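Enquirer:
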Amino acid sequence: MTVQSQMGNLAAEARARRSLARAWNALQMPVIATVAGLFVTSVLLVCIEVNPLDVYAALLRGALGSLFGISSTLRWATPLILAGLAVSIGFKAGLFNAGLSGQIYAGGFVGSLIGFGVTLPWGLHPVAAILGGGLAGATWAFIPAIMRRYLGASEIVTSLMLWYVAIGIADFLVRQFFRDPTSAAFLMSVKVAPSAVLPSIFPVGNVSVMIFVSIGAAILLAHFMARSVAGYEIRMTGANPAFAHYSGVPIGRRMVLAFCLSGFLAGMIGASESIGINQRFVSQFDPGFGFDGFLVALLANGSIAGCIPAGLFLGILKAGGSEIERTLGLSKSIIWILQGSIILFVSANRLRGYLAWFIGRLRGR
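Numbering (the numbering used here), first residue to last: 595 to 959.
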């Protein structure tokens, strides 16, 4: 073996070790937080004389034990992945998109409007509705982004306030112009055209082709952030604004770009719910995807691609909750306890330091 080949092998081994180290650093905190959350939930279940293993078995059975369960898991994972991406792109730029739900709402309204108000061929109609919803979400995110850039207004406050504005405008327009005359109890629009409905990929359940769109969006966004100049500038803006400024990075424009990308992804969620799940605009249709997106982003630990497994994990929790309620007689709120416990631990950035200290003490003995 020549010296050059030996050097090449050593370099390849070093790259492999660095890749494994990066993967472990990315997975360490989410795994610890999830295990800790499961432990806390198990303790609470034992206190009320319920076997935690029965609960977790029912959870997995409901989420993965049948074709309907898998379909339900993927149905929930689709918007959760997109919501996690929307939050993560904001985090990368040092921004906090607290008004994600308002952008989801705007996207849901515009997506349904294109669905029932525009005549297009079957293959093109859902694409137009999804893109239209995404643009609506990006437009709604553009307002707080511009206010942050030129006025210094907190994007947390402005985007959150615009959430209520989006609800008011959309509900008013539906009530005045687009309401389904047969719906008396709930405020909803007329149904979208059959050509606009998202096709399902399973014979049972509500999972649509948007699951592939969400995974593809994660892959494309990860590549954009890692390989493009704009992605690098967004990351530098969030990591070290002073360094980015003195390096010539247009910080203001990159913040606006990141926030609009976040809003576009949120708008896609709303549009897919309107033309896929509900097949119309339904007032208050968002079950909390905006806030769930923060949990997905936290579980992903700063990784864009990590939003895929994090979204799937939360999809399992949501899909399996009904089985827990049906077979064990427990409330689905046990899932909220589990999610809250995970948030508590994944948000504790000092946990890693305490764990390292504890392991060091054990080794010292």
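Ideal placement from N, C-alpha and C gives every residue a C-beta, glycine not left out. All values derive from a computational prediction rather than experimental measurement.
Might you give, ordered along the chain, the residues of its own chain that have their beta carbon closer than 6 Å to the beta carbon of residue 744, omitting 5 neighbours on each side?
Expert: Cβ neighbours of residue 744 beyond the five flanking positions: none.
Enquirer: Using alpha carbons as the reference points, say which of 709, 628, 632 and 726 lies closest to residue 698.
Expert: Considering only alpha carbons, the answer is 726.
Enquirer: For residue 959, which residues of its own chain have a beta-carbon under 6 Å away from its beta-carbon, when the five flanking residues on both sides are left out?
Expert: Reliability of the predicted coordinates at residue 959 is poor, the pLDDT of 47 falling under 50, and the value obtained from them is presented with this limitation in mind. Contacts found: none.
Enquirer: Under the three-state reduction of DSSP, which class applies to residue 874: helix, strand or coil?
Expert: Three-state result, residue 874: coil.
Enquirer: Within its chain, find whatever has a CB closer than 7 Å to the CB of residue 706; leave out the 5 residues flanking it on each side and keep chain order.
Expert: Excluding residues within five positions, the ones whose Cβ falls inside 7 Å are 783, 786, 868, 869, 874 and 875.
Enquirer: Nearest-angstrom Cα distance between residue 778 and residue 660?
Expert: Roughly 36 Å separates the two Cα atoms.
Enquirer: Under the DSSP definition of a beta bridge, which residues are partnered with residue 773?
Expert: Bridge partners of residue 773: 783.
Enquirer: Using the C-alpha atoms, what's the distance from residue 803 back to residue 925?
Expert: If I take the Cα positions, the gap works out to 31 Å.
Enquirer: Starting from the C-beta of residue 748, find all residues in its chain whose C-beta is less than 8 Å away, skip the five residues before and the five after it, and write them out in chain order.
Expert: Cβ neighbours of residue 748 beyond the five flanking positions: 742.
Enquirer: Could you check whether the region 620 to 630 touches the region 762 to 773, counting it as contact only if at least three pairs of C-beta atoms, one from each stretch, sit closer than 8 Å?
Expert: As far as the Cβ criterion goes, the region 620 to 630 does not touch the region 762 to 773, which means the pair count is below three.
Enquirer: How is residue 916 classed by DSSP in three states: helix, strand or coil?
Expert: The answer is helix: DSSP assigns residue 916 an H, G or I state.
Enquirer: Can you check whether the CB of residue 811 is closer than 9 Å to the CB of residue 862?
Expert: For residue 862 and residue 811, yes; Cβs fall inside 9 Å.
Enquirer: Hey, residue 909 and residue 672: beta-carbon distance below 9 Å or not?
Expert: Yes, Cβ-Cβ distance for residue 909 and residue 672 is below 9 Å.
Enquirer: According to DSSP, is residue 955 helix, strand or coil?
Expert: Any reading at residue 955 must be qualified, since the residue scores a pLDDT of 49, below 50, and its modelled position is unreliable; the value itself is stated next. Three-state result, residue 955: helix.
Enquirer: Considering only residues of the same chain and omitting the five flanking positions on each side of residue 684, which have a CB-CB separation below 7 Å?
Expert: Cβ within range, chain order: 690, 691, 852, 853 and 856.
Enquirer: Residue range of the alpha helix (DSSP H) that residue 720 falls in?
Expert: Segment 719 to 745, the alpha helix (DSSP H) holding residue 720.
Enquirer: So residue 827 is in the alpha helix (DSSP H); what residue range does that whole segment cover?
Expert: Its alpha helix (DSSP H) spans residues 823 to 833.
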